[in-house]
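Numbering (the numbering used here), first residue to last: 2 to 336.
The beta carbon of each residue, even a glycine, is placed where N, CA and C say it ideally should be.
Notes for the one structure printed next.
Quick look at the structure:
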């Protein structure tokens, strides 16, 4: 009797242990009763009926990464390129992921590969190299829509690498080099053009300033000549007034004064050691001695403060003029 109880207890404990299931965090277990899906067990402790219920699939509910192997794809312009990609996905419905598709990872891989060929096959090589974001977006929309019945969410599709053929890579390198050399030459030409323009502008401004300077100088010269002419006219007017008032005496005075200044310049010249006078010069020299008498006579003949009428130029002077004694001068000889 005691052995039967022990055996019964062992069977009950074993039966209970078979009915206890612990689901780990990040997973969902599908519970099948007599082969039919009845429950999606969330993380934690669960009791099932042994021999009737069983765990069908252990579905990973965390976000997963699926690496798409390299594919050879022909682009729209008949260029063969190698492409690698990765897919990020997450299971949202464990029942659908377990029972709506057989082999979840191979199905996602096949679906991504075919759509990758479709998307990149409709683009040129240059577009496939420069529009990766557009390719990723189109693949994400297509693959996510196709896997929605499986209880999945495609979070990202990324193109890892695009490998064009070697000859195309070399041609692209030469094209890039030629394009950069072209831009460099254009920039150098633009620099030379800007330099020539600035140099021409500088020369233009210099000519304009020089012309303005010449115009200003000419204006100043003409103004100076005008002032000089005015002064000369004023001096001439004053001399004419003096001659009109004093007659021959004023004329003799001015001639003697100019003659004296001319002789003084000859005497102070550093190159003139010998001065030659013409015969007619002796007659003018005789007038030098009487300059003082001419002045005194002119002042004594006119009453103080009266403006008397000057004598005509042909009237001889009343007072004889004393001439200084000068040695005779031989024409062409030295004094």
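query	result
Could you check whether the segment 117-135 touches the segment 193-206, counting it as contact only if at least three pairs of C-beta atoms, one from each stretch, sit closer than 8 Å?	no
Counting only the same chain and skipping the five closest in sequence on each side, list residues whose C-beta sits under 8 Å from that of residue 33.	39, 54, 55, 56, 57
Per DSSP, which residues does residue 154 bridge with? Please list them.	91
Whole-angstrom Cβ separation of residue 110 and residue 74, contact assumed at under 8 Å?	Actually they do not touch by this definition, with Cβ atoms about 15 Å apart.
Flag this pair as touching only if the segment 175-185 and the segment 147-167 have three or more C-beta atom pairs under 8 Å; answer yes or no.	no
Assign residue 1 to one of three DSSP states: helix, strand, or coil.	Beyond the ends of the chain as shown, which are 2 and 336, falls residue 1; an answer cannot be given.
Hey, could you find the ends of the alpha helix (DSSP H) residue 1 is sitting in?	The chain is shown only over 2 to 336; residue 1 falls outside these bounds and no answer can be derived.
Does residue 109 come within less than 8 Å of chain C when only Cβ atoms are used?	As a matter of chain content, chain C is missing from the structure shown, which is built from one protein chain.
Ends of the beta strand (DSSP E) at residue 386?	This structure cannot speak to residue 386, because the chain is shown only from 2 to 336.
Measuring straight from C-alpha to C-alpha, what distance separates residue 117 and residue 148?	15 Å
Here's the rule: buried if 16 or more other CB atoms are within 10 angstroms of the residue's CB, otherwise exposed. What is residue 187?	exposed
What does DSSP give as the partner residue(s) for residue 38 in the beta ladder?	33
In the DSSP assignment, what are the bridge partners of residue 46?	23
Quick check on DSSP: helix, strand or coil for residue 196?	helix
Taking only three categories from DSSP, how would you classify residue 107?	helix
What do you reckon, are the CB atoms on residue 89 and residue 15 nearer than 8 Å?	no
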